[in-house]
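Number of protein chains: 2
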Amino acid sequence: MPSDLALAVDLGGTKVEAALVDSGGRIIDGSRFRRPTGASSDSEQLSGSVTGVVAAALGTLPTGSGLLGIGIGAAGPIRQDDGLVSPLNLPAWRDFPLTELVATTAPGHEITLRMDGLCITLAEHWVGAGRDSSNHMGMVVSTGIGGGLILGGRTVSGPTGNAGHIGHVEVAGFTDDCACGGHGCLEAVASGPRSVAWARAQGWSGSTGEELAESHVAGDGIAQAAVARAGRAIGRAIGSVTSLVDLELVTIGGGFSRITPELFDHIRAGIDEHTSFGFVRKVSVVPSALSDEGPLIGAAALVHRADILD
Amino acid sequence: MPSDLALAVDLGGTKVEAALVDSGGRIIDGSRFRRPTGASSDSEQLSGSVTGVVAAALGTLPTGSGLLGIGIGAAGPIRQDDGLVSPLNLPAWRDFPLTELVATTAPGHEITLRMDGLCITLAEHWVGAGRDSSNHMGMVVSTGIGGGLILGGRTVSGPTGNAGHIGHVEVAGFTDDCACGGHGCLEAVASGPRSVAWARAQGWSGSTGEELAESHVAGDGIAQAAVARAGRAIGRAIGSVTSLVDLELVTIGGGFSRITPELFDHIRAGIDEHTSFGFVRKVSVVPSALSDEGPLIGAAALVHRADILD
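Residue numbers (numbering that gives the first Met the number 0), protein chains in the order written: chain G, 0 to 309; chain Y, 0 to 309.
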């Protein structure tokens, strides 16, 4: 019963999705399902959402097809080898056995769990804007800031599976309180909500990232300063990371990354501010080439591109 | 003509050394030679120092022995694949063909060039305090701050060879000018000279790291604050790095790291300040187990432990 389909599962702070994905990185029409998660959900509700989308996606498996395997991308932190997840924004789940839950719903398949940030990086590397680089960080700038690393052509997930937490790399000069308990982390400075909060503190009257984008287009000075501040901070953090691991490429997706193309000019300025070292300034920073399918494609890459997993 | 000896070369900002090192990581008695380098040296003087120590060390090769190969550790930045070095503190050399120079003095051998920070990490991994970890950052805290990475049991040198520049990871809350052109880099905050300068700015009257150590032992409040400040900053940077690459172990050597064992308590406090994430706080931080032979042992590891080079 040969098949080239993987079951992809993406668990995030507001929703969980599942879909079937072929060996070319294409989501099979009609196989994608979504259910809510959310910080106020209890463990049973979260479990119901996960098993619901997994069962629904599996139910669309063409007659006679088998699965190559199951890939799960989850918001971190995780304990990769034990299959446990503790998503920062899903407090009901701490060291929750997600791999086991999925195995119960879809028994008999190999399951691979990684952080969602690594999955989006794999997706860009496989079929997106990272195809030409073996030394690549993928980033998501949205409600939070996350990412993943491919170094020397292979993923870096680390001994616990938590490598890639770019949102918790510090940025010089900042001291903003972070949800992780620290201060001056990139996520605490430059996420969508933090940029909105900063603008409001300067006197801007909106309340969402979408409104901030509109104000930016309209030439509002505070909105422009907020975008510059976020971009510079992102660039500085990319500078630190490139100093450390000699990146060639950074791909950035997520809602707030699309606030305006000018964000990328500010990111470039932040990298140049970080250092004059040529090996750091060489790093390219480009927008994600994937739509909101990226996380699912990346989860499927855990199966289809298992050859480059560490 | 079998042999288990490697020729190790370590090029730094104040000196260059060479020695023969056996397959157990031991420097052969009488084979170690040192000559000065220094920021005021011209290119010819630097070349003379390098060829001098290389020829002297080679001259001690036992009759009938051959070399397994030559390993060179150099202060960065470097261009690894081209064999070029641009040590920040040796301005006479920018993209200087160091590998070619050594090949001229010792023809017929395979030569491997890496950053000195990677070499000290390899040395700790091979025969020092890093033997039990596959996810390890080695650091030197001295006139500057440098380091190297071993992830998943293999070195990470990066596409240009410059991975490991931990001294140019930013630390939140600081804005000190860095020699790299940036601000708030760890090296600009916590190196020996910067810690001395900070203490002097607070009213302390000494002028060297050794004097700062003496004042610390004597209970001087400014000296204690300077050590705490450096340790916290080092810990914060280790926190950023562990967030990014999920380290298990950090080994730290270099003159300023030995100022007082209390430095390591402040480093631990800095990591805990950085975040409450368990996967970050898990990281162990220990002193180097090697003497000042570490850089040469590490350069030799480029030959003897070529199996784990990326």
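A virtual CB, placed ideally from N, CA and C, is assigned to each residue, including glycine.
Taking 8 Å as the threshold, the shortest C-beta distance from residue 245/G to chain Y falls below it. Here residue 60/G carries a coil assignment [DSSP, helix/strand/coil].
Of all residues in the segment 157–171 of chain Y, the ones placed with a Cβ closer than 9 Å to any Cβ belonging to chain G are 157, 158, 159, 160, 161, 162, 163, 164, 165, 166, 167, 168, 169, 170 and 171, in chain order. Counted as a single uninterrupted DSSP element, the beta strand (DSSP E) harbouring residue 32/G occupies residues 32–35.
Going by C-alpha positions, residue 228/G is about 48 Å away from residue 17/Y.
For residue 266/G, the enclosing alpha helix (DSSP H) begins and ends at 261–273.
The continuous stretches of alpha helix (DSSP H) do not include residue 135/Y, which lies in the beta strand (DSSP E) extending over residues 135–140. Residue 69/Y is bridged by DSSP to 6/Y and 110/Y.
Three or more beta-carbon pairs drawn from the segment 249–260 of chain G and the segment 121–141 of chain G are found closer than 8 Å, and the two stretches are therefore classed as touching. In the three-state reduction of the DSSP assignment, residue 301/G falls in the helix class, which pools H, G and I. Looking only at 171/G, 161/G and 296/G, the smallest Cα-Cα distance to residue 281/Y is reached by 161/G. According to DSSP, residue 41/G shares a beta bridge with no other residue. Between residue 267/Y and chain G, the shortest Cβ-Cβ separation is not below 8 Å. Residue 176/Y sits in a strand when the DSSP states are folded into three classes. Proximity to residue 151/G across 158/G, 163/G and 134/G peaks at 134/G, based on C-alpha coordinates. Residue environment: residue 48/Y is assigned as buried (16 or more neighbouring CB atoms within 10 Å of its CB, all protein chains considered). Around residue 304/Y, no beta-carbon contact reaches into chain G at under 8 Å, the shortest distance being about 17 Å. Residue 90/G does not reach chain Y, its nearest Cβ partner there being about 14 Å away, counting only Cβ pairs nearer than 7 Å. With fewer than 16 neighbouring CB atoms inside 10 Å of its own CB, residue 216/G falls in the exposed class. Taking a Cβ-Cβ cut-off of 7 Å, the neighbours of residue 309/G in chain Y comprise 151, given in sequence order.
Closer than 8 Å to the CB of residue 272/G there is at least one CB belonging to chain Y. As DSSP reads the structure, residue 95/Y sits in a beta bridge with 84/Y.
Contact note: residue 76/Y reaches chain G through 276, 277 and 278, using a C-beta cutoff of 8 Å and chain order. Of all C-beta pairs linking the segment 82–89 of chain Y to the segment 285–305 of chain G, fewer than three are shorter than 8 Å, placing the two stretches out of contact. Contact of residue 124/G with chain Y is not assigned, every C-beta pair being separated by 8 Å or more. The shortest C-alpha to C-alpha distance from residue 14/Y to any of 73/Y, 262/Y and 206/Y is the one to 73/Y. Residue 247/G counts as buried, since no fewer than 16 other beta carbons sit within 10 angstroms of its beta carbon. Taking a cut-off of 8 Å on C-beta distances, the segment 118–133 of chain G does not touch the segment 35–48 of chain G, as fewer than three cross pairs fall below it.
Neighbourhood of residue 174/Y in chain G, by CB distance below 9 Å: 171 and 172, in chain order. A direct Cα-to-Cα measurement between residue 68/Y and residue 274/Y gives close to 44 Å. Contact between residue 185/Y and residue 236/Y holds, since their C-beta atoms are separated by about 4 Å, short of 8 Å. A direct Cα-to-Cα measurement between residue 163/G and residue 58/G gives close to 33 Å. Selection 77/G, 33/G and 110/G evaluated against residue 157/G yields 77/G as nearest (Cα-Cα). In the structure shown, residue 182/Y adopts extended strand secondary structure according to DSSP, grouped into three states. Cβ-Cβ distances below 8 Å link residue 40/Y to 48, 89 and 91 in the same chain, with the five nearest sequence neighbours on each side left out; the list follows chain order. With its beta carbon at least 8 Å from every one in chain G, residue 65/Y lies outside the interface.
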